[in-house]
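Student: First the structure, which I've put down as structure tokens, then a few questions once you've had a look.
Numbering (the working numbering), first residue to last: 113 to 269.
This is the structure:
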């Protein structure tokens with residue numbers, strides 16, 4: 113993979129850009145991301161787009177190699193989180209705290225969606241307040257479009 117993206121190295125160096133690992137749960141590939149960092153060096157910006165719902169050991173491995181974290185938390189309310197994902201959010205909250213405690217609060221963008229049928233604007237506001245109290249500063253507030261793929265099929269798009 114490194115050889116494929118290396119062709120863009122001059123662009124990355126000129127713009128301060130780099131590579132974002134996402135899809136599935138990239139934190140589960142912490143060893144791979146660490147090896148990738150060894151190949152590309154510190155000049156490239158490495159970002160991980162994650163739910164943080166992984167064992168803390170994966171986050172510990174990523175701390176020295178990842179520059180930024182984009183975190184999709186769904187909702188800080190454990191009941192809403194579980195209703196939407198089928199899992200509890202204990203690991204998410206613990207990993208958020210770990211990142212803040214390790215001085216990475218400035219390196220996080222936390223995505224807080226409005227998910228129709230699951231949470232409300234008020235729930236999202238509570239989540240943001242809770243995250244701010246933890247020391248998180250940067251948020252991406254947006255609305256999930258849950259039925260968009262079905263709408264596209266129904267309209268032959």
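Ideal Cβ positions, reconstructed from N, Cα and C, are used throughout, including at glycine.
All values derive from a computational prediction rather than experimental measurement.
Taking 8 Å as the cut-off, does the region 226–233 touch the region 202–209 (at least 3 CB pairs, one atom from each stretch)?
Tutor: No, they do not touch.
Student: Relative to the C-alpha of residue 156, which residue among 184, 178, 170 is closest?
Tutor: By 1-based counting over the chain shown, the position of residue 156 is 44. For residue 156, the nearest C-alpha among the options comes from 178.
Student: Could you tell me if residue 133 is buried or exposed, where buried requires 16 or more neighbouring beta carbons within 10 angstroms of its beta carbon?
Tutor: Position 21 of the chain shown, counted from the first residue, corresponds to residue 133. Under this definition residue 133 is a buried residue.
Student: Taking residue 252 as part of the beta strand (DSSP E), name the residues at either end of that continuous run.
Tutor: For the purposes of this step, residue 252 is identified with residue 140 of the chain shown, where counting begins at 1. Here the beta strand (DSSP E) through residue 252 covers 251–255.
Student: I believe residue 227 touches residue 193 by the beta-carbon criterion, under 8 Å. Please report the beta-carbon distance rounded to the nearest angstrom.
Tutor: Against the chain shown, residue 227 aligns to sequence position 115. Against the chain shown, residue 193 aligns to sequence position 81. Contact doesn't hold; Cβ gap of about 10 Å is too wide.
Student: Hey, would you say residue 187 sits closer than 8 Å to residue 142, going by beta carbons?
Tutor: The residue you call residue 187 lines up with position 75 of the chain shown. The residue you call residue 142 lines up with position 30 of the chain shown. Against a cut-off of 8 Å, the Cβ pair of residue 142 and residue 187 comes out as no contact.
Student: Label residue 149 either buried or exposed according to how many other C-beta atoms from any shown protein chain fall within 10 Å of its C-beta, with 16 as the threshold for buried.
Tutor: Mapped onto the chain shown, residue 149 falls at position 37. When all chains shown are included, residue 149 counts as buried.
Student: Taking the C-alpha atoms as reference points, what is the distance between residue 147 and residue 168?
Tutor: The residue labelled residue 147 in the question sits at position 35 within the chain shown. The residue labelled residue 168 in the question sits at position 56 within the chain shown. About 19 Å.
Student: Quick check on DSSP: helix, strand or coil for residue 214?
Tutor: The residue labelled residue 214 in the question sits at position 102 within the chain shown. If DSSP states are grouped into helix, strand and coil, residue 214 belongs with coil.
Student: Can you name the start and end residues of the alpha helix (DSSP H) that residue 197 belongs to?
Tutor: Position 85 of the chain shown, counted from the first residue, corresponds to residue 197. Note, residue 197: alpha helix (DSSP H), 190–197.
Student: Run through DSSP, which three-state label would residue 161 get?
Tutor: The residue labelled residue 161 in the question sits at position 49 within the chain shown. Looking at residue 161 - three-state DSSP - the assignment turns out to be strand.
Student: Mapping DSSP to helix, strand and coil, what is residue 174?
Tutor: As a first step, residue 174 is located in the chain shown; it is residue number 62 there, counting from the start. Here residue 174 sits in helix by DSSP.
Student: Where do the ends of the alpha helix (DSSP H) carrying residue 243 lie?
Tutor: Taking the first residue of the chain shown as position 1, residue 243 is located at position 131. Element bounds for residue 243: 233–246.
Student: So, is residue 130 buried or exposed, given that buried needs 16 or more other C-beta atoms within 10 angstroms?
Tutor: Against the chain shown, residue 130 aligns to sequence position 18. Buried, because 16 or more other Cβ atoms sit within 10 Å of the Cβ of residue 130.
Student: In the DSSP assignment, the alpha helix (DSSP H) including residue 151 goes from what residue to what residue?
Tutor: In the chain shown, counting from the first residue as 1, residue 151 sits at position 39. Start and end: 142–152.
Student: If you draw a straight line from the alpha carbon of residue 255 to that of residue 163, how long is it in whole angstroms?
Tutor: By 1-based counting over the chain shown, the position of residue 255 is 143. By 1-based counting over the chain shown, the position of residue 163 is 51. Taking the straight line joining both Cα atoms gives about 17 Å.
Student: Check the DSSP bridge columns for residue 221 and list the partner residues they point to.
Tutor: Working through the chain shown from its first residue, we reach residue 221 at position 109. Its beta-bridge partners are 182.
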